[in-house]
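Trainee:
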Amino acid sequence: MTATAGKVNLLDLDRRDLEGLFVALGEKPFRATQIMKWIYHERVTDFAAMTNLSKALRERLAECAEIRPPEVVLDHASRDGSHKWLIRLDSGNSIETVFIPEPDRGTLCVSSQIGCPLDCSFCATAQQGFNRNLTVAEIIGQVWQASRLLGERRNGDRIITNIVLMGMGEPLLNFEAVVKAMDLMQDDLGFGISKRRVTLSTAGVVPALYRLREVAEVSLAVSLHAPDDALRNELVPLNRKYPIAELLAACRHYIANKPHRRITWEYVLLDGVNDSEEQARALAALIEDIPSKVNLIPFNPFPNTRYRRSGPAAIARFQAVLMAHDLTAVTRKTRGDDIAAACGQLAGQVQARGRRLVRIAPFAG
Ligand code: SAH
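Position in the sequence shown (first residue = 1) + 182 = the working numbering.
(1) Looking only at DSSP bridge pairs, what is glutamate 248 linked to?
(2) Within this structure, are the beta carbons of valine 503 and alanine 467 separated by less than 8 Å?
(3) Determine the direct distance from the alpha carbon of valine 325 to that of leucine 235, and round the result to whole angstroms.
(4) Spatial neighbours of arginine 240 within its chain, please: C-beta separation below 7 Å, excluding the five flanking residues on both sides.
(5) Could you tell me which whole alpha helix (DSSP H) segments of length 4 or greater appear in the stretch 204-260?
(6) What separation, rounded to the nearest whole angstrom, lies between the Cα atoms of leucine 539 and glycine 351?
(7) Cutting at 8 Å between CB atoms, please list the residues of its own chain near arginine 463, excluding the five before and the five after it.
(8) From arginine 514 to valine 280, what distance separates their C-alpha atoms?
(9) So glutamine 327 is in the alpha helix (DSSP H); what residue range does that whole segment cover?
(10) What beta strand (DSSP E) runs, 3 residues minimum, are completely inside the stretch 386-457?
(11) Going straight from the alpha carbon of aspartate 196 to that of aspartate 365, what length do you get?
(12) So the alpha helix (DSSP H) lysine 362 belongs to, where does it begin and stop?
(13) Report back the beta-carbon spacing between alanine 214 and glutamate 201 to the nearest angstrom; my notes put them in contact at under 8 Å.
(14) Tell me, to the nearest whole angstrom, how far the beta carbon of proline 251 is from that of leucine 193; I am working on the premise that it is less than 8 Å.
(15) Could you tell me which residues DSSP puts in a beta bridge with serine 276?
(16) Run through DSSP, which three-state label would isoleucine 472 get?
(17) Heavy atom of the ligand SAH less than 7 Å from the Cβ of methionine 505, yes or no?
(18) Whose C-alpha, out of Glu470, Ser405 and Glu209, is nearest the C-alpha of leucine 347?
(19) By DSSP's criteria, phenylalanine 281 is part of a beta bridge. Which residues make up the other side?
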């Protein structure tokens, strides 16, 4: 998003940053509380309307700051109540955000990068290449806009109860911004979503997983997709850098000494590729000692893909093998497929700047 020159976008700042800003302006840190309520509870973006701040402070803020969420340019509504919003960023780039209502919850699926550098062979986002990381404002701004467009009221029922970082991009390759944005999702003065209901999904950036445990408290979903390194190298090229054994060790560590925590494993079912009974047994053996839930995702096709969705019988068989090993395994219902809002179908518009794995900067967090 293009920031106005010289102005700080307050959506880029978490509570601590805002307190620092007010102190720098010669104000008391509790001004951060007031302004967060305006931004996230009242959804006010105009400083002039913030009547509990002095006129002098409002004018000062208008000079040096702005509250600028990214711009929603399209709202696709699915027959099943899902929404997919196209959000325009700078210079020809856009991202997608998806809302999925279910009887007992409303899940918002948020993007973390413009495109994705990981190049997983079965994912539509990978085809788009990679442009850049999203800013904090662009990540939390997706929640801000969805909440506004869904008509959430401060004292009404919550519409967005869960947030998953499962949209475009690999969140752990945008570590600092993603952690700050998740903090704003969970902060009572932000969106106040309960800790466990914010889930980060990763293809397995192992060093970042160790770091994440230290700085955030979120649920973890891991895109596994294969029970052995040879196949996973092919489907998720990041596996060549962080093979399955290292990934599993990081996952065990992530939930160690955290009762009631478990890992959600995502496993996209590709016909004849990773959906045999033998592969189901191998998967069960891998994760048997880890508190787990397996999300089986029937492959969602996109143009020019070489993969096909597994048939219903193969899906049922795969699930039955996992359950026979006492694993919780659910087959994810495909939602929003009439608007290409399902897993792996998010594309937006990406001005690619290189898509190969070798171009990922080493994790520096
Ligand atoms: N990079 C992160 C976040 C993206 S999450 C990650 O890999 O976890 C998107 C989820 O949808 C991942 O589990 C991904 O593997 C899955 N997915 C990607 N393409 C898909 C497709 N075509 N059909 C079904 N699921 C897909």
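Ideal Cβ placement from N, Cα and C applies to all residues, glycine included.
Mentor: Looking at the atomic coordinates:
(1) Paired residues: Asn191.
(2) Contact flag unset, no.
(3) Going by the C-alpha atoms only, they are around 25 Å apart.
(4) Only Phe229, Ala230 and Met232 meet the Cβ criterion.
(5) Taking only runs of at least 4 residues, the alpha helix (DSSP H) segments lying wholly in the stretch 204-260 are 213-218 and 237-246.
(6) Low per-residue confidence applies at leucine 539: pLDDT is 37, beneath 50, and the placement is therefore not dependable, though the value from the model is reported in the following sentence. One alpha carbon belongs to leucine 539, the other to glycine 351, and they sit about 13 Å apart.
(7) Excluding residues within five positions, the ones whose Cβ falls inside 8 Å are Val503 and His507.
(8) Just so you know, the alpha carbons of arginine 514 and valine 280 end up roughly 16 Å apart.
(9) Per DSSP, glutamine 327 belongs to the alpha helix (DSSP H) from 318-331.
(10) Counting whole runs of 3 or more residues, the stretch 386-457 contains the beta strand (DSSP E) stretches 401-405 and 445-451.
(11) For aspartate 196 and aspartate 365, the distance between alpha carbons rounds to 7 Å.
(12) Counting along the chain, lysine 362 sits inside the alpha helix (DSSP H) bounded by residues 357-368.
(13) About 4 Å; that satisfies the 8 Å criterion.
(14) The distance from the Cβ of proline 251 to that of leucine 193 is about 6 Å, consistent with a contact at the 8 Å cut-off.
(15) Answer by DSSP bridge pairing, in chain order: Arg270 and Gln531.
(16) Coil at isoleucine 472, not helix or strand.
(17) In this structure, the C-beta of methionine 505 stays at least 7 Å away from each heavy atom of the ligand SAH.
(18) Minimum Cα distance to leucine 347 is reached at Ser405.
(19) By DSSP's assignment, phenylalanine 281 forms a beta bridge with His265 and Leu290.
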